[in-house]
Every structure is written in structure tokens, then in C-alpha cells.
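Working notes for the structure below.
2 protein chains.
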Amino acid sequence: MPVKSTLPQVLKLEKQVCFPLYSAANAMVRAYRPLLDKLDLTYLQYLVMMVLWENDGINVKELGHRLYLDSGTLTPMLKRMEAKGYVLRKRGEADERVRELYLTEAGKQLQEKALSIPEAMACKVAMAPEEQKQLKSLCETLLTQIEEG
Amino acid sequence: MPVKSTLPQVLKLEKQVCFPLYSAANAMVRAYRPLLDKLDLTYLQYLVMMVLWENDGINVKELGHRLYLDSGTLTPMLKRMEAKGYVLRKRGEADERVRELYLTEAGKQLQEKALSIPEAMACKVAMAPEEQKQLKSLCETLLTQIEEG
DNA sequence: AAAAATATAATTGCACACAATTTAATTGTT
DNA sequence: AACAATTAAATTGTGTGCAATTATATTTTT
């Protein structure tokens, strides 16, 4: 009796973890956009600002290490942030290879405006705090495993 | 006594759910790359193939609906897939606006080679099946909430 | 000290994502 | 039938991500 060839389960979208991860990450960045537009920041730039607010003067290598990104992504983006007047890109005095990143006054002042962002996002994501913690933890586990393995 | 101004907790990277989600998704796509290179596919194209293996002849709108992507992303990518010889892009006969997507023989045959991909990824991600289910479920919840809210 | 090795960014080239707009076809409305 | 409204893709323009390469500075080795 003829058998309709079926797609193996492992190749079905709805069976995979990766697809929801990918879609949720896209949706998350999309949701940030209208909020961050008011600060003239992209989501990536918002991440950079958060790092700099805590570690002003950090260099590109350290920044890349924290964000899991390389200079191919960071350099052009940092130039755009410099053009916006949020960041200064200085050469290291001791070592001319390194590029140090400093907040401008405008960059520092942006922090206050940014305070509204997390709560505005919280409104869009009505997930229970417990679930948020789980999601965070599982993503961190996955990230670690991929980075190491 | 002078107080060192501290970054509010909500603006700290390590407090946020979104950053691990974003980083894990990036890392996941990165991990797929060397595997998918052998099939001459990107991760997005791999997603499209999975949809088509199950639903040959689907149109761009339906595809976009399944993948949460729009024609701005899909159209150029589908042209690349057509150029590779995996997909045919036909106009709908009844409605000339819609673009229907058909697998070529090469596209259909790629399925067999793709069978090794999920298990190769499984080796990179040594997460317990239980955790994978949780992660999947939480991402789906988040996605739904963002899409609706 | 000169040469080789290493380290840090920058550059190049390609493929997404996505908002906004445009084009073309279809449907509905007078 | 003519016109307006709607729909489906395509197009345009910007900003990532990232592999691979290059440029430059520093460190190590000879």
C-alpha cells in the first residue's frame, strides 16, 4: 500500500527549540524598537550604553567580550554612536592598538531617559517573574554550552 | 559621605532577560553555520526548507506568517534560493499577486542530507530534554505575548 | 636590535531583519 | 463599467552579525 512520504519529526519546525528562540529574539528586538526610537538608539546600541553606563572607558575587546560580538559588528556601530554624539572613541595611551570608549555628556544624560525602557518592555511582556527567571537561566545555559562546546 | 552614583538595577545587563535571549539566539545561528555550510544553506534558508518540505507550493504570505517574517526579508532570500536551484518562484495562476514557492528536485533531495543537522546540533547543545522543552515553551510564550500585546 | 609572533581594531563582503514605500493585481462599491 | 479600497510582493534604505582578511602596534624570540 502506497505511503505518503512524511517529513521526519526532527526536521519539523514545531519540534525544534531553535526556531522559537530565534523568533522570540527577533520579536523582542522588534518590540524594543518603538521605545528606543525615542532615545535614538537601536537595541544593540542600547546594550552598549548599558555596558558603558557601568564601565565608562571600556575598550572594544572588553565590550565585545561582554556582548559576545566582534569588531566587525562593533566598529561600524560605535562610529554611528560617535556620530550621534553619545560616545567618544579614543586610542589607548599606553597601547595604541586598543580603542577606548567614553560616554559624552549626552551619553551620560541618556541614562535617565532610559529608565522608562525596562518598565515599558515589562508592559509588553506579561510573563510571570518566575518564568522570566527560568527563561533567562535557560538561555544562559544554552549560550554557555554553545560557546564552550 | 559621598556616594558613587550607581547604575539602577533595571539598566544592568545581567538583570535582563532580553540580553541572554538575544545572545543565545545569535550563538545558536552561529553554531548552525558550519553545519549548514555543507548544504549551502543559511539558518533562515534552512527554516524555509523545513517549511517547504512539509508544505510545497506555499506562498510568500503564508511562509511569512509561519516564520514571523515579511516580504522585505523573504523576497531577496528566496531569490537567492532560486539562484541556488533549490526553489522555484511561480506566480499564482488564479491570483497574479501571490508568489508560490516550489521545491526543485535538488531542493527535495536536500532533505536527506539535512537529517544529520538536528543530531549534529544536539551534540553542541548538551541540554537535558526537559530543559529544552521548557526553553521552547517559554520562548513560545514570550513570542505570543509580544505578538499579541 | 632585527625578525617573528602575537594582539587589537578596522575593513570587506555577504546575508539577514525590518520599517516604510511602491507597484501591480484583485475586490468592492458606487 | 469606472473608481476606490484592499491585498500581495517587491523595493528601498538602514543597521546589524559574522567570517575572513588586512593594517598597525606590541611583545617575544633570536
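Chains A and B, in that order, give the protein sequences.
Counting in this note's numbering, the first sequence runs from 1 upward without gaps.
Counting in this note's numbering, the second sequence runs from 1001 upward without gaps.
Yeah, the Cβ is synthetic: ideal placement off N, Cα and C, and Gly gets one too.
Check your understanding: Is the beta carbon of Ala31/A sitting closer than 7 Å to the one on Lys124/A?
Key -> yes
Exercise for review: With a threshold of 16 other CB atoms inside 10 Å of the CB of Ser1023/B, please say whether the residue is buried or exposed.
Suggested key: buried
Exercise for review: Answer yes or no: do Gly1085/B and Ala1114/B have a C-beta to C-beta separation smaller than 7 Å?
Suggested key: no
Check your understanding: Apart from the five residues on each side of it in sequence, which residues of its chain come closer than 6 Å, Cβ to Cβ, to Glu100/A?
Key -> Gly57, Asn59, Lys90, Gly92
Review point. Ends of the beta strand (DSSP E) at Arg89/A?
Key: 87 to 91
Check your understanding: Should Arg33/A be labelled buried (16 or more other beta-carbon atoms within 10 Å of its own) or exposed?
Key -> exposed
Review point. With distances taken between CB atoms, is the gap from Leu110/A to Leu47/A smaller than 7 Å?
Key: no
Check your understanding: Any C-beta of chain A sitting closer than 7 Å to the C-beta of Glu1054/B?
Key -> yes
Check your understanding: In chain A, what lies closer than 8 Å to Ser1023/B by C-beta?
Key -> Leu67, Tyr68, Cys139, Leu143
Point to revise | Against chain A: residues of the stretch 1091 to 1114 of chain B by CB proximity under 8 Å | key: Gln1111, Ala1114
Practice item. Report yes or no: is there a C-beta of chain A within less than 7 Å of the C-beta of Met1081/B? Key: no
Exercise for review: Identify the continuous alpha helix (DSSP H) that holds Tyr102/A and give its terminal residues.
Suggested key: Tyr102/A -> not in any alpha helix (DSSP H); beta strand (DSSP E) instead, spanning 99 to 103.
**Study point:** Proximity winner among Thr1141/B, Leu1011/B, Ala1120/B, Leu1135/B, relative to Leu1036/B (alpha-carbon distances)
**Key:** Ala1120/B
Check your understanding: Within this structure, are the beta carbons of Ala1088/B and Tyr1102/B separated by less than 7 Å?
Key -> Correcting the residue identity first, residue 1088/B is Leu in this sequence and not Ala. Yes, the Cβ-Cβ distance between Leu1088/B and Tyr1102/B is below 7 Å.
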